[in-house]
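**Student:** This is the structure I want to talk about, given as C-alpha cells.
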Amino acid sequence: TQLLEQSPQFLSIQEGENLTVYCNSSSVFSSLQWYRQEPGEGPVLLVTVVTGGEVKKLKRLTFQFGDARKDSSLHITAAQPGDTGLYLCAGHNYGGSQGNLIFGKGTKLSVKP
Amino acid sequence: EAEVAQSPRYKITEKSQAVAFWCDPISGHATLYWYRQILGQGPELLVQFQDESVVDDSQLPKDRFSAERLKGVDSTLKIQPAELGDSAMYLCASSLELSFHNEQFFGPGTRLTVL
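Chains as they are written, first to last, in the numbering used here: chain A, 4 to 116; chain B, 803 to 917.
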C-alpha cells in the first residue's frame, strides 16, 4: 500500500516568517500534486511536479520533487494570513490503481497577522 | 472559469435516512471521482468513473453506497441508510483523462452531518 506522510501536521506562525512542509513516501510516484484547502471548501490544485529534482515556483511558494520521486517539499517565503489553510500532497502512479491519487493527511497552516 | 459543481453544499439528516449528492464535472472531463474526507484527514477515493463506466469502486461500501453516471456527464452518489459514521465532506473531482499527470479539479464539496 502506498502511503504519503506529511509533516508537520500543524503549523502556527507569524506573518512574515518562512516555513517548509514535507511530504514523504517509501514509494516512487509518476507525479506529485500539491493542493490547498480552505475550511468548508474543496482542495485547489497549486502545482504538479513530475521530474525528479524538479523545482517549481508559484509567487512566494517553492515546490521541489525529490530526486528519487519519493518525496516533496513546499517552502513558503514571508507567509501571509491568506496562506492559511490545509496543504495536501497527493501522489499519482501512472498505470497503478487505475490512476487515482494517494493523499497525505495534510498540514494545517495558520498564519497570524 | 470552468468549475466542478456540487449540490447541496450542506446536508443534515438522521441516521437510517437516504441522502443523495450531485456532481457536474468540468465540461469535457471524461474522468470523475467521488472522495470522502473526514475532518483532519486527506480525501479518500470512493469511486472513479471513466465516462459512464466504473473504473474503481473497491473502497465504496456497497451495502449502503451507490454511484452512477448514466450519460457520462453528471453523477449522483447515494447513501441508504445513512449511519453516524458517514458524517464527512463528500468531494467530487474531475480530470480531462487518465493521463500521466492525472491533474484533478475538485468541487466545493457537500458537508454531510448524520444525527
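Cβ atoms here follow ideal geometry from the backbone N, Cα and C, with glycine treated the same way.
Quick one: which chain B residues come within Cβ less than 7 Å of A/Phe-106?
**Tutor:** Simply Gly-844 and Pro-845.
**Student:** Residues in its own chain within less than 6 Å of B/Pro-845 by CB, not counting five upstream and five downstream?
**Tutor:** Result list for B/Pro-845: Tyr-837, Gln-839 and Leu-893, in chain order.
**Student:** Just to confirm, does B/Cys-894 get its C-beta within under 7 Å of one of the non-hydrogen atoms of the ligand ADP?
**Tutor:** For the ligand ADP, the structure offers nothing, since it holds no ligand at all.
**Student:** Under the DSSP definition of a beta bridge, which residues are partnered with A/Leu-64?
**Tutor:** Answer by DSSP bridge pairing, in chain order: A/Leu-61 and A/Ile-79.
**Student:** The beta strand (DSSP E) with B/Glu-854 in it runs from where to where?
**Tutor:** It is not in any beta strand (DSSP E) - B/Glu-854 carries neither H nor E in the DSSP assignment.
**Student:** Examine chain B for any beta-carbon lying closer than 8 Å to the beta-carbon of A/Gly-56, and answer yes or no.
**Tutor:** No, no contact with chain B.
**Student:** Using a Cβ-Cβ cutoff of less than 6 Å, which residues in the same chain neighbour B/Met-891 once the five nearest sequence positions on both sides are dropped?
**Tutor:** Cβ within range, chain order: Gln-839, Gly-911 and Arg-913.
**Student:** Quick one: what does DSSP say B/Gly-874 is sitting in, helix, strand or coil?
**Tutor:** The answer is coil: DSSP assigns B/Gly-874 none of H, G, I, E or B.
**Student:** Can you name the residues of chain B whose CB is closer than 7 Å to the CB of A/Gly-88?
**Tutor:** Chain B residues near A/Gly-88: none, gap ~13 Å exceeds 7 Å.
**Student:** Tell me B/Gln-839's beta-bridge partners as DSSP assigns them.
**Tutor:** Its beta-bridge partners are B/Met-891.
**Student:** In chain A, what lies closer than 8 Å to B/Glu-966 by C-beta?
**Tutor:** Here chain B has residues from 803 to 917 only, and residue 966 of chain B is not among them.
**Student:** Can you give the beta carbon distance from B/Val-806 to B/Ser-896, rounded, assuming they're within the 8 Å contact cut?
**Tutor:** Contact flag correct, Cβ pair sits at about 6 Å.
**Student:** Could you check where the beta strand (DSSP E) with A/Gly-105 kicks off and where it finishes?
**Tutor:** Here residue 105 of chain A is Ile; the residue named in the question, Gly, does not match the sequence. Per DSSP, A/Ile-105 belongs to the beta strand (DSSP E) from 104-106.
**Student:** Taking the alpha carbon of A/Leu-77 as the reference point, which residue from A/Leu-6, A/Thr-23, A/Gly-109 and A/Ser-33 has its own alpha carbon closest?
**Tutor:** Comparing Cα-Cα distances from A/Leu-77 to each of A/Leu-6, A/Thr-23, A/Gly-109 and A/Ser-33, the minimum goes to A/Thr-23.
**Student:** Could you tell me the alpha carbon to alpha carbon distance between B/Gln-808 and A/Gln-40, rounded to whole angstroms?
**Tutor:** Approximately 16 Å, taken between the alpha carbons.
**Student:** Excluding the 5 residues flanking A/Thr-87 on each side, which residues of the same chain have their C-beta closer than 7 Å to its C-beta?
**Tutor:** Cβ within range, chain order: Leu-112, Ser-113 and Val-114.
**Student:** Whose C-beta lies closer than 7 Å to the C-beta of A/Gln-54 among residues of the same chain, with five residues either side of it excluded?
**Tutor:** A quick correction: the sequence has Thr, not Gln, at residue 54 of chain A. Excluding residues within five positions, the ones whose Cβ falls inside 7 Å are Phe-68.
**Student:** Which one of A/Glu-8, A/Leu-14, A/Gln-83 and A/Ile-16 has the shortest CA to CA distance from A/Leu-35?
**Tutor:** For the residues A/Glu-8, A/Leu-14, A/Gln-83 and A/Ile-16, the minimum Cα distance to A/Leu-35 belongs to A/Glu-8.
**Student:** Starting from B/Pro-910, find everything on chain A with Cβ-Cβ shorter than 7 Å and list it in chain order.
**Tutor:** Those are Glu-44 and Gly-45, listed as they occur along chain A.
**Student:** Do the CB positions of B/Gly-874 and B/Asp-853 come within less than 8 Å of each other?
**Tutor:** Going by C-beta atoms, B/Gly-874 is nearer than 8 Å to B/Asp-853.
**Student:** Distance check for A/Ser-15 and B/Phe-907, CA to CA, integer angstroms please.
**Tutor:** Straight-line Cα distance between these residues: approximately 28 Å.
**Student:** If I measure Cβ to Cβ from A/Thr-80 and keep anything under 6 Å in the same chain, skipping five residues before and after, which residues do I get?
**Tutor:** Same-chain partners within the cutoff: Asn-21 and Arg-63.
**Student:** Between which two residues does the beta strand (DSSP E) containing B/Phe-823 stretch?
**Tutor:** B/Phe-823 -> beta strand (DSSP E) spans 821-826.
**Student:** DSSP has A/Thr-23 in a bridge; who is on the other side?
**Tutor:** In DSSP, A/Thr-23 forms a bridge with A/His-78.
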